[in-house]
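Down below is the structure, laid out as structure tokens.
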Amino acid sequence: MTIHSQYLEYIRRCIEARRETDRTMPVWLPLLPFILLLIFVYVSTIGLRIFIYPRFRPGMMIFPIVWYTVTSIILIVVHLFNVYIVYRWIDRRNKHFRRVLKLFESMKDYIVVVSAEKGVYVKGKLQLLERDIRDAGYEWGERDAFIWAILQLIPIVGLPILIYVYHFLNKDFSIHSKMERYVLSSFSSVVVEVDPGFKPISFHPDYEFPDRSTAVYIVATIATLGFFILYWIYTLTKDPNEHFKEHKVMEDRLLEELYKIG
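Quick note on our numbering: the sequence shown kicks off at 496 and runs consecutively.
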């Protein structure tokens, strides 16, 4: 096995790791806490009506206890389930970013070895590639999934924190996607110098990770009495799911093209 073949094998392993890092989530799963919340509102409304218009009947005294117990359980389940969802969102963000950064580093190492073996001078373009990867590393810093998931439980400030989590989940992926294009463009320009038959690698021309306006989404949520947040939550699951699918197509093509280099 040649030296560059060993580096190619490491690239393949980085791509294979997507089975563990790029896991899609059912888009309905994060909506369950809000369905439970609607049940809570319904139960609470019934309870308030009985309190406001009391009609004494045998066994009536136990109803307030049952009502309070049921609503408390629903609220606890809603909060705990939402903690789990936020943790899943941030955890898969971290794992995907970490894997892609390792993949890009291994791609850079691979082309350094191949260019040396072929005696092709690409120092200038390699420096540009290294800079793009370094910048990506700065931007793709990890966020503590457990801490951010728990912070939403803090009274009063929990909701603003949760909104901020919604904000950075979209913005981080949007920036991540743009920087991936820069790295892939720089990498392709280096490889073309080494092997003119190489076909530049990128995502599909029509694909772009949606850059959603947090301010607009907050206003829409308020204007719809909270119902728009269901769509907001839907996008936080759907958009990364689609990004992972686009990644799979791009990475499969990348590996196919790299294997053609002699």
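Just so you know, even glycine gets a beta-carbon here, dropped at the ideal spot from N, CA and C.
Taking 9 Å as the cut-off, the beta carbon of L526 is found no closer than this to the beta carbon of I658. In this structure, A631 lies away from F682, with their beta-carbon atoms at least 9 Å apart. R629 and T564 have their C-alpha atoms roughly 54 Å apart. Residue N736 holds the alpha-carbon nearest to the alpha-carbon of R588 among N736, L624 and L524. Exposure of F722 is indicated by the presence of fewer than 16 other C-beta atoms within 10 angstroms of its C-beta.
Nearest to V685 by C-alpha distance, out of S697, S610, R514 and I717, is S610. When the five nearest sequence neighbours on each side are left out, the beta carbons in the same chain lying within less than 7 Å of the beta carbon of T519 are those of N736 and F739, in order along the chain. Q501 sits in a helix when the DSSP states are folded into three classes.
Comparing C-alpha distances from V522 to each of S567, M602, L533 and L725 shows the shortest one belongs to L725. Here the alpha carbons of A640 and I696 stand approximately 32 Å from one another.
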